[in-house]
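All residue numbers for the sequence shown refer to this note's numbering, where the first residue is -18 and numbers rise by one.
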Amino acid sequence: MTKERLLVTGANGQIGTVLVQALQERYGYDQIVASDIKPPAEEHAIFEKLDVLNKTQMGEVIKKYGITQVFHLAAILSAKGEQNPKMAWDINMNGLFNVLELAKEYQLRVFNPSSIAVFGTESPREQTPQYRSVHPETVYGISKVAGEYWGLYFHKKFGVDIRSVRYPGIISYQSLPGGGTTDYAVEIFHAAVKGEHYQCFLKEDARLPMMYIPDAIRATIDLMEAPEASISVRTSYNLAGVSFTPAEIAAEIQSQIPGFTVSYKPDFRQAIAETWTETIDDSLARRDWGWKPEYDLPNMARDMIKNLSKQLVSSS
Ligand code: AKB
-18 MTKERLLVTG ANGQIGTVLV QALQERYGYD QIVASDIKPP AEEHAIFEKL
32 DVLNKTQMGE VIKKYGITQV FHLAAILSAK GEQNPKMAWD INMNGLFNVL
82 ELAKEYQLRV FNPSSIAVFG TESPREQTPQ YRSVHPETVY GISKVAGEYW
132 GLYFHKKFGV DIRSVRYPGI ISYQSLPGGG TTDYAVEIFH AAVKGEHYQC
182 FLKEDARLPM MYIPDAIRAT IDLMEAPEAS ISVRTSYNLA GVSFTPAEIA
232 AEIQSQIPGF TVSYKPDFRQ AIAETWTETI DDSLARRDWG WKPEYDLPNM
282 ARDMIKNLSK QLVSSS
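See below:
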């Protein structure tokens, strides 16, 4: 493997926390630079405090470490974006634009995640196809679609090697999500292992595409390591893991933690969820770079409960 040096923006977030560690294991501790707007509670990586809106500062970090790839995770998610559209647009668009311009200047490979938020009520709800299905209805979704097309533009016009997946809702035990519509699927596990009741902010039948974090990390690394010639999608690949409703995940947890209780009090996030689709056709990711998810709902729930229970014991 050539000596790659990787910069991760938004490294303190739900995906960044786990991705940095996975990249360190794969490429070596010294090859990974984690960055975020605030330092992490505990430093487990080479860290640079970095505001993605500050292009000069980002360029200095890229030069200082000889960065060859950027995993640009810094973004405002769907629910927080609806509460502050201007801020979401500014961070999601201008942050990406800075990354793309620096990628052009320094010939960097870029990972620019997109989301199922690119779909909308006009998209086919089942097996949502790769093409002709983007109809975003949130600021976050609009910024992700625009970001996908800016990526394609920089690829075609300047040869930037940009790669992307449309992440479903991500479920993880290592870190908490923040500001998303799919966050309930993590919160529900925390309540269950603590023996608490959970009040869900989505309706019991709100089926959404989801993915367990080991699958999401593997997809990210596999895509970034795939030979350039195999990448046929430069906007963003559809990516599917497992789809379920709040009632189904609650029932799965109850089968492993009897006595766990859930009630439903939908808030504004239900309206966002209703614009998204239920299942995704990810055949191009499977064909181009061999994508295949490993976790179904029961396996994911078992692993989440095991790991969160361990964390609870070691923190008490
Ligand atoms: C959110 O809920 O906003 C995110 C996403 C699906 O991109 N988890």
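Where a beta carbon is used, it is the ideal one built from N, C-alpha and C, also for glycine. Just so it is clear, the structure is predicted and the values come from calculations on it, not from any experiment.
- Cβ contact annotation for Ala3 (same chain, cutoff 8 Å, sequence separation greater than five): Ile198 and Ile202, in chain order.
- Selection Gln155, Ala207, Phe170 and Asn280 evaluated against Pro227 yields Phe170 as nearest (Cα-Cα).
- Our two residues, Ser104 and Arg113, have alpha carbons roughly 8 Å apart in a direct line.
- Cα atoms of Ser95 and Glu229: separation of roughly 26 Å, rounded to the nearest angstrom.
- Here Pro149 has Ile97, Pro190, Met191, Met192 and Gly222 as same chain residues with Cβ atoms under 6 Å from its own Cβ, once five neighbours each way along the sequence are excluded.
- Non-local C-beta neighbours of Thr258 in its own chain, meaning closer than 6 Å and more than five positions away in sequence, comprise Phe100, Ser104, Arg106 and Thr109, ordered along the chain.
- Here Ser145 is near Ser217, since their CB atoms are less than 8 Å apart.
- Ranked by Cα distance from Ala210, the options Val294, Asp142, Gly128 and Val33 are led by Asp142.
- In this structure, DSSP gives Ser114 a state outside helix and strand, which the three-state scheme calls coil.
- Collapsing the DSSP output to three states places Lys273 in coil.
- The stretch 164 to 180 and the stretch 117 to 130 do not touch, with fewer than three beta-carbon pairs separated by less than 8 Å.
- The continuous beta strand (DSSP E) containing Leu189 extends over residues Leu189 to Tyr193.
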